[in-house]
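To start, the structure under review is shown below, and the notes come after it.
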Amino acid sequence: MKSSIINSIKSLPPLPKTVLEMQRICNDPDSSIQQLVKTVETDPMIVANLLKAANSPLYSFNRTIINVAQAVSLFGMSMTRSIGLGNSVRKLLNVDMEPYGISSERFAEISSIQAALMQKWYTQIDRVKADKLFLACFLQETGKIIIASDVIQEDMATNFRSDVERAVNIAAVEKSYVEDTTATVTAAIFTHWNFDKEFVEMIEYSDSPEKAPEEVKEFATALNIVKTIIPLNDPLGEHNIAFGLKKAEAAGYDIDKLQSAIDTILATFH
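Start counting at 1 in the sequence shown, then tack on 40, and there's your number in my numbering.
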């Protein structure tokens with residue numbers, strides 16, 4: 041990995057105390073939704089982002105969500121943790137996505153769309169796996185923040201942006217400029233923050249699921265399919281949907297379930 045990227049990751053501040061407490065509560069089988077609600081309520085930024093997500097058409101709750109308790113009850117503990125963590129991470133890393141040709145707001149939106157697609161797809165397959173994949177999907181593009189920063193510092197932003205806009209494979213563009221891809225940089229970030237091995241590996245191998253250890257191969261494959269369908273430079277483009285469905289079919293998935301999830305997401309934007 042490029043030394044400047046390694047140094048950027050090593051210099052990252054620790055995760056906020058609220059996020060660490062959310063992690064602890066969600067990992068404790070004896071904890072309760074009420075404990076999570078109280079923890080979330082101590083952080084106004086997480087509250088704002090959680091309520092924004094709860095009232096987004098992506099999740100179709102069909103009523104206005106006005107408080108944390110409602111949002112946590114509807115999302116569940118795992119999804120609540122994912123949304124809180126994702127937004128906190130982006131705030132912590134001081135997002136400037138100009139090299140990718142999008143705003144920080146659009147970057148957050150695309151991450152949310154990826155996670156929503158994963159949730160709608162995988163809850164039809166396995167709810168436990170869906171929870172794990174929702175968190176990974178929500179955070180799998182985090183490495184782009186570090187890559188964007190490095191590209192800006194090296195004064196390569198204009199050329200990088202031009203190549204990303206035309207790219208069929210954004211990971212290949214990243215590799216040519218910074219020697220690594222979002223998947224490996226994201227994995228390094230969450231290794232730095234002491235996330236568990238399974239979570240790190242499912243993201244690390246999401247560009248090459250065929251190389252993944254057997255225990256995470258399904259997760260890495262699912263992440264790869266979702267980011268194929270929703271890349272930053274053409275989310276939900278017709279060609280990308282077709283390519284993602286082709287990958288899913290090759291991996292042995294029932295593509296009707298994935299198509300149904302895609303149709304639901306597309307319907308929220310029309």
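Think of the CB as a built atom: it goes at the ideal place given N, C-alpha and C, for glycine as much as any other residue.
Here the alpha carbon of F259 sits roughly 17 Å from the alpha carbon of S151.
With a 10 Å radius around the Cβ and a threshold of 16 neighbouring Cβ atoms, T221 comes out buried. Within a 10 Å sphere around the beta-carbon of G284 sit 16 or more other beta-carbons, which makes this residue buried.
Measuring C-alpha to C-alpha distances from K50 to each of P84, T226, I270 identifies T226 as the nearest. Annotation for T104: no alpha helix (DSSP H) segment contains it, and DSSP assigns it neither H nor E.
Here the C-alpha atom of S122 lies approximately 10 Å from the C-alpha atom of S128. Distance between A290 and S113, taken at the CA atoms: about 37 Å. T268 and K287 do touch by the CB rule: their CB atoms are close to 6 Å apart, below 8 Å. For D190, the secondary structure class from DSSP, reduced to helix, strand or coil, is helix. Contact between I86 and M117 does not hold, since the beta-carbon distance rounds to 14 Å and is not under 8 Å.
Taken in chain order, the complete alpha helix (DSSP H) segments of 4 residues or longer contained in the segment 111 to 199 are 117 to 132, 144 to 162, 167 to 179, 183 to 193. In this structure, L272 lies away from I305, with their beta-carbon atoms at least 9 Å apart. Between V108 and E81, the beta carbon gap of about 5 Å places them in contact (Cβ cut-off 8 Å). In the three-state scheme derived from DSSP, where H, G and I count as helix and E and B as strand, M41 is classed as coil.
Just measuring C-alpha positions, the residue of A94, W233, A197 sitting nearest M137 is A197. In this structure, the alpha-carbon of E214 lies about 43 Å from that of D70.
With contacts defined by Cβ atoms closer than 9 Å, S48 and S189 form a contacting pair. Selection A228, E244, E278, F115 evaluated against R167 yields F115 as nearest (Cα-Cα). DSSP places Y217 within a helical segment (H, G or I) once states are collapsed to three.
The count of Cβ pairs closer than 8 Å, one atom from the segment 143 to 162 and one from the segment 172 to 191, reaches three, so the stretches are in contact. Within the same chain, K169, A170, L173, A262 come within 7 Å of Y162 by CB-CB distance, once the 5 residues on both sides are set aside.
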